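Okay, structure first, notes after.
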Amino acid sequence: MDQGNPPARQLPASIVPILESVVRSPGVARGLPLEFWRHDDHRTWIDAFMELAVQLWACDLAEEELPRGYGLIALLFDWEMQCQFSGWHAFSSRELEMDRILRAFEAVDLGDEAVALRRAFAAWRETAGDLDATNAAYGEGRHAYSVDLDRLEYLAGYFIDHADELLYAEVS
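Following this note's numbering, the numbering of the sequence shown begins with 2 at its first residue and continues without gaps.
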């Protein structure tokens, strides 16, 4: 292999049907390309990543057989959706996944969010789900991405900026 050129990369064949379903989904803007993260309209990215997370949770693909980014997307965007629909009750539905979710936030350089969620999760458990205590624990260390929409935009941007390394497989 030529040392000066990066390895060739392509979408894994197993993920293509899921991406086709994502871009046809009624909750996602029409006309998106299969690699929606390459589309120039930033307003479409968050919805498409959210839908991708839904589809990844529902599919039977083994996470370890996919490029790393798909597992991160499934964990992070699913978590964000759980929080949007259930608030802190998302801890109840994703309690078994919390360690992986926290590590996923750290993996995408949102360590402050992981710290805040750790505090909130501990308060949630210690108080049997007291929302005020959970909110107070999360709010102890406000950070640049404490606001949901700011965090979602950051996440979408992260996966767009790192798509080549996180969403494609090397072609040998």
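We treat Cβ as the ideally placed atom computed from N, Cα and C, and that holds for glycine. In this text the structure is predicted, and so the values were computed from the model without any measurement.
- Below 8 Å, too few C-beta pairs join the segment 92 to 99 and the segment 140 to 160 to call them touching: fewer than three.
- Every alpha helix (DSSP H) stretch that sits fully inside the segment 45 to 82 and reaches 4 residues is listed by chain position as 46 to 59.
- Short of 8 Å from the beta carbon of residue 84, and not among the five residues preceding or following it, lie these beta carbons of its own chain, in chain order: 91, 149.
- The C-beta distance from residue 165 to residue 10 rounds to 6 Å, short enough to fall under 8 Å.
- Between the alpha carbons of residue 25 and residue 128 lies a distance of about 43 Å.
- Contact fails between the segment 128 to 137 and the segment 101 to 113, because fewer than three Cβ pairs, one in each stretch, are under 8 Å apart.
- With at least 16 other beta carbons inside 10 angstroms of its own, residue 114 counts as buried.
- With respect to the 9 Å criterion, residue 28 and residue 41 are not classified as neighbours on the basis of their beta carbons.
- Taking 8 Å as the upper bound for CB-CB distance, residue 156 and residue 77 are in contact here, some 6 Å apart.
- Annotation: the continuous alpha helix (DSSP H) that includes residue 120 extends over 112 to 127.
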